[in-house]
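I have placed the structure first, in the form of structure tokens, so that the comments after it can refer back to it.
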Amino acid sequence: MTMKSLVLLFSFCIGYLCFAQTPSKYIVVDQFGYRPTSEKIAVIRNPVTGFDAAESFAPEATYALVNASTHTQVFSGNLVLWNAGNEDTSSGDRAWWFNFSSYETPGTYYILDITQNLKSFEFSISENVYDEVLKHAVRTFYYQRAGYEKIAPYAEFNWVDGASHMGSLQDTECRSYLAPNDVTTEKNLSGGWYDAGDYNKYTTWTSNYIVDLLKAYAEQPAAWADNYNLPHSGNGIPDIIDEIKWGMDHLLRLQETNGSMISIVDLSHASPPSSATGQSLYGAVNTSSTLAATVAFSYGSKVFESLNMNAYATTLEQAATNAWNWADANPNVVWENNSAAYNSVGIGAGQQETDDYGRLAYKVRAAIHLYDLTENTNYKTFVETNYEAMHLLLWDFAYPFEQENQDALLYYASLSGITPSVRTDIKTTYENAMNSSNNFGGLTNEADPYLANLTDYVWGSNGTKSRKGLMFSNYIIYGINAGNDSDAFRAAERYIHYIHGVNPLNFCYLSNMYAFGADNGVNEFYHAWFADETAWDNVQNDAFGPAPGFLVGGPNPSYNWDGCCPSGCSGQTCDATQVARINGQPKQKAYDDFNTSWPMNSWEVTENSNGYQTAYIRLLSKFVGLNGLLSVNAIENEFTASLYPNPFKDEFTITSIKPFSYIIYDITGRIIKNGSCIDTCTIKKTIKASGVYVVKVTTENSSKIFKVVKD
Numbered sequence: 032m033t034m035k036s037l038v039l040l041f042s043f044c045i046g047y048l049c050f051a052q053t054p055s056k057y058i059v060v061d062q063f064g065y066r067p068t069s070e071k072i073a074v075i076r077n078p079v080t081g082f083d084a085a086e087s088f089a090p091e092a093t094y095a096l097v098n099a100s101t102h103t104q105v106f107s108g109n110l111v112l113w114n115a116g117n118e119d120t121s122s123g124d125r126a127w128w129f130n131f132s133s134y135e136t137p138g139t140y141y142i143l144d145i146t147q148n149l150k151s152f153e154f155s156i157s158e159n160v161y162d163e164v165l166k167h168a169v170r171t172f173y174y175q176r177a178g179y180e181k182i183a184p185y186a187e188f189n190w191v192d193g194a195s196h197m198g199s200l201q202d203t204e205c206r207s208y209l210a211p212n213d214v215t216t217e218k219n220l221s222g223g224w225y226d227a228g229d230y231n232k233y234t235t236w237t238s239n240y241i242v243d244l245l246k247a248y249a250e251q252p253a254a255w256a257d258n259y260n261l262p263h264s265g266n267g268i269p270d271i272i273d274e275i276k277w278g279m280d281h282l283l284r285l286q287e288t289n290g291s292m293i294s295i296v297d298l299s300h301a302s303p304p305s306s307a308t309g310q311s312l313y314g315a316v317n318t319s320s321t322l323a324a325t326v327a328f329s330y331g332s333k334v335f336e337s338l339n340m341n342a343y344a345t346t347l348e349q350a351a352t353n354a355w356n357w358a359d360a361n362p363n364v365v366w367e368n369n370s371a372a373y374n375s376v377g378i379g380a381g382q383q384e385t386d387d388y389g390r391l392a393y394k395v396r397a398a399i400h401l402y403d404l405t406e407n408t409n410y411k412t413f414v415e416t417n418y419e420a421m422h423l424l425l426w427d428f429a430y431p432f433e434q435e436n437q438d439a440l441l442y443y444a445s446l447s448g449i450t451p452s453v454r455t456d457i458k459t460t461y462e463n464a465m466n467s468s469n470n471f472g473g474l475t476n477e478a479d480p481y482l483a484n485l486t487d488y489v490w491g492s493n494g495t496k497s498r499k500g501l502m503f504s505n506y507i508i509y510g511i512n513a514g515n516d517s518d519a520f521r522a523a524e525r526y527i528h529y530i531h532g533v534n535p536l537n538f539c540y541l542s543n544m545y546a547f548g549a550d551n552g553v554n555e556f557y558h559a560w561f562a563d564e565t566a567w568d569n570v571q572n573d574a575f576g577p578a579p580g581f582l583v584g585g586p587n588p589s590y591n592w593d594g595c596c597p598s599g600c601s602g603q604t605c606d607a608t609q610v611a612r613i614n615g616q617p618k619q620k621a622y623d624d625f626n627t628s629w630p631m632n633s634w635e636v637t638e639n640s641n642g643y644q645t646a647y648i649r650l651l652s653k654f655v656g657l658n659g660l661l662s663v664n665a666i667e668n669e670f671t672a673s674l675y676p677n678p679f680k681d682e683f684t685i686t687s688i689k690p691f692s693y694i695i696y697d698i699t700g701r702i703i704k705n706g707s708c709i710d711t712c713t714i715k716k717t718i719k720a721s722g723v724y725v726v727k728v729t730t731e732n733s734s735k736i737f738k739v740v741k742d
């Protein structure tokens, strides 16, 4: 089913009942679907304020869940009015909820307004409902690879392209921005990923993407497959690890012999990417990029060692140590790209430099992962001397814009050998901060009719939504308070549903996913390859459209056209209708499906970013497959096993009514121990360090995940 099916009517008869049903944009669901044991709530909306204020919808009281194959009603119930019928100011809508969470039978379904014969998009209930979605979200990094050809069968026909930026004076012969004609400045800085809709490669952000992907793998190693139809698929290594290594190899090329990191590589732009012929130039080194890379190198070393890639792990450990030593000796080397003050106008687009707090935060994060890797107490001392200056502790406040810093502190609190009072301080502060009105309070008070509460909608709000979901998943992973785990799990998954369509636009914010379950989603977005008036412009109207799986920026109520509008833009069109469609709308409606460049500046709304992508991938992976770390409830009913005591001191016992195997993981995903038993196993003194661990127990045809705590 595609977006075009919105205009179709269909009829059928079963027994004495005949139906003529119309898809309705006022009945919104996750367009891919729901896991069987997940919360499942369809939102029925009546627009009040915004571009659709002239419309209205009055639902009937009773709704049904209908099997799309047999067209039989399998569940029915009454709607629940949200917030006594008051308008939600963030969306400009009034809303009702149809809760069908108790229905768990796998299949394909839709929601039906019985009296009015109006239906939602079809969706699946399935344990593996998001497997294909996750695969395509990861595959976007293949299309973002610089200097790598996209060929069949890995690239679908529409997106085949040669290796970009590999010509004369491009990435393999990259020169300094200060000396573009000086051959002595030439370096091979090939590889890596286009950062977003622009092709530039920013070291700090590349490092952050690598860390997010590493954690996506390490937090849930069983979620990842080796069959994503990528060049390295089938090599026995999860495809996400191959992709991480592609980015990490580029990061290594950016390191100078003294340990410092080149901050940016500026690339030329064209559509398709292989047609870009302009010179590639690199920027200066700076402290912030070097510290960010230290985090990626050190954490990468730990994960690659757990995969028995020991030589590569050793290389990364040395790179991390060298980067730390340089940054420690040069704590305030600042360099801004695209800045007249630094003679760098035209180098890059987004600003990669940060401020004093940003450098401190990166240094704390670097020290955390170096301590974890090396057990050198100098790094521990740095963390414990400075952790209280991090905003989580300083403000007693947790919010998605600093999810990565909060995440690093929680990771530190999971390590052995740290000061117990520091561990307690971090975890207690996070628990208190998550109990605020913006976090668990938003869930308890049901502050958002679309279920994914967010206070601030700014540029990149879909990335912010994803990081808000990660705040709740971290609550579970790091064992903050097990009594709230079920609520945290429910909250985290709601942010996935929002991105997949549970929003006032009834819109899936992933590009071109019609072949994989979406019905109304991104047809075009700001990207140099998929640019306006190219063959890749729009899924519906042009030859190819953009590739599948890219997460776009999302609603941005601060969007506006360029200051030269409505006139004075060198003959370029200023579309007043377009800007009014976004500017001044309720927060959640401040979006439109467009990709026109200057002066309409669509990048403020629709541009993708690898940062949005990695946050979304990491969150989505928590809900993939029976073996997910957060999927305990999905499999407990299928399999009888027990583990006790929990928490434990020196040993614990696993029992099962059937023969079983077990694997014990630490919080990074490293395998601590594995084995098999007939009906009972006692694990003695295998786990030495206090913290949270995961035990996966498997029989012939089912599995169970235990989260265990060593005191």
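Whatever position you read off the sequence shown (first residue = 1), add 31 for the numbering used here. In this text, a Cβ means the ideal position worked out from N, Cα and C, and glycines have one as well.
Contact defined as beta carbons within less than 8 Å: I believe residue i pairs with residue j. What is the distance between those atoms, to the nearest angstrom?
i      : j      : result
Val326 : Lys232 : Wrong, their Cβ atoms sit about 17 Å apart, outside the cutoff.
Gln603 : Trp629 : 7 Å
Ile703 : Thr713 : With a Cβ gap of about 15 Å, Ile703 and Thr713 do not count as contacting.
Gln571 : Asn551 : Rounded, the Cβ-Cβ distance is 11 Å, inconsistent with contact.
Pro588 : Thr495 : Wrong, their Cβ atoms sit about 13 Å apart, outside the cutoff.
Gly222 : Trp277 : 7 Å
Let's test the definition: count the other Cβ atoms within 10 Å of the Cβ of residue i and tell me whether it reaches 16, buried, or not, exposed.
i      : result
Gly594 : exposed
Gln644 : buried
Val728 : buried
Val725 : buried
Val214 : exposed
Val27  : As displayed, the chain neither begins before 32 nor continues past 742, which places residue 27 out of reach and without an answer.
Asn212 : exposed
Tyr488 : buried
Pro617 : buried
Val739 : buried
Leu425 : exposed
Asn658 : In this prediction, Asn658 scores a pLDDT of 44, lower than 50, which makes its location untrustworthy; no coordinate-derived value is stated.
Ala84  : exposed
Gln619 : buried
Asp386 : exposed
Relative to the alpha-carbon of residue i, which residue among the options has its alpha-carbon at the smallest distance?
i      : options                           : result
Ser445 : Tyr506, Glu433, Arg390 and Trp426 : Tyr506
Leu404 : Gly314, Val316, Cys205 and Thr352 : Thr352
Ser121 : Asn159, Lys704, Ser687 and Pro586 : Pro586
Thr321 : Ala342, Asn463, Ala360 and Ile75  : Ala360
Tyr330 : Asn317, Val59 and Thr345          : Thr345
Asn463 : Arg170, Asp427 and Ala522         : Asp427
Ile695 : Gly576, Ser337, Leu482 and Ser306 : Ser337
Leu220 : Trp190, Asn258 and Gly178         : Gly178
Phe538 : Thr637, Thr68 and Ser199          : Thr637
Ala371 : Gly309, Asn363 and Gln382         : Gln382
Tyr240 : Asn614, Thr730 and Arg498         : Arg498
Phe575 : Val583, Leu582 and Ala562         : Ala562
Asn436 : Asn407, His400 and Leu536         : His400
Ser633 : Ser652, Gly584 and Leu674         : Gly584
Leu298 : Ser199, Lys411, Lys458 and Ala672 : Ser199
Between residue i and residue j, is the Cβ-Cβ spacing less than 8 Å?
i      : j      : result
Tyr590 : Ala621 : yes
Ser687 : Ser707 : no
Asp273 : Leu285 : no
Ser107 : Pro137 : no
Lys735 : Phe679 : no
Asn356 : Gly290 : yes
Met292 : Thr203 : no
Phe509 : Val723 : Correcting the residue type first, residue 509 is Tyr in the shown sequence and not Phe. For Tyr509 and Val723, yes; Cβs fall inside 8 Å.
Gly64  : Phe129 : no
Tyr259 : Arg170 : yes
Tyr481 : Val453 : no
Can you determine whether any heavy atom of the ligand MN sits closer than 7 Å to the C-beta of residue i, and answer yes or no?
i      : result
Ala621 : The ligand MN is absent from the structure shown, which contains no ligand whatsoever.
Please decide whether residue i counts as near chain D, where near means a Cβ-Cβ distance under 8 Å.
i      : result
Asp403 : No chain D is present in this structure, which holds just one protein chain.
Worksheet item: Given 8 Å as the limit, is there contact between the segment 124-142 and the segment 108-115, that is, 3 or more CB pairs closer than that?
Response: yes
Discussion item. Three Cβ pairs or more, each shorter than 8 Å: is that satisfied between the segment 143-159 and the segment 81-95?
Written reply: yes
Worksheet item: Counting Cβ pairs closer than 8 Å, one from the segment 164-176 and one from the segment 542-559, do we hit at least three?
Response: yes
Discussion item. Check whether the segment 240-248 and the segment 329-343 are in contact - that is, three or more C-beta pairs closer than 8 Å.
Written reply: yes
Discussion item. I want to know whether the segment 494-504 touches the segment 519-528 - three or more CB-CB distances under 8 Å.
Written reply: yes
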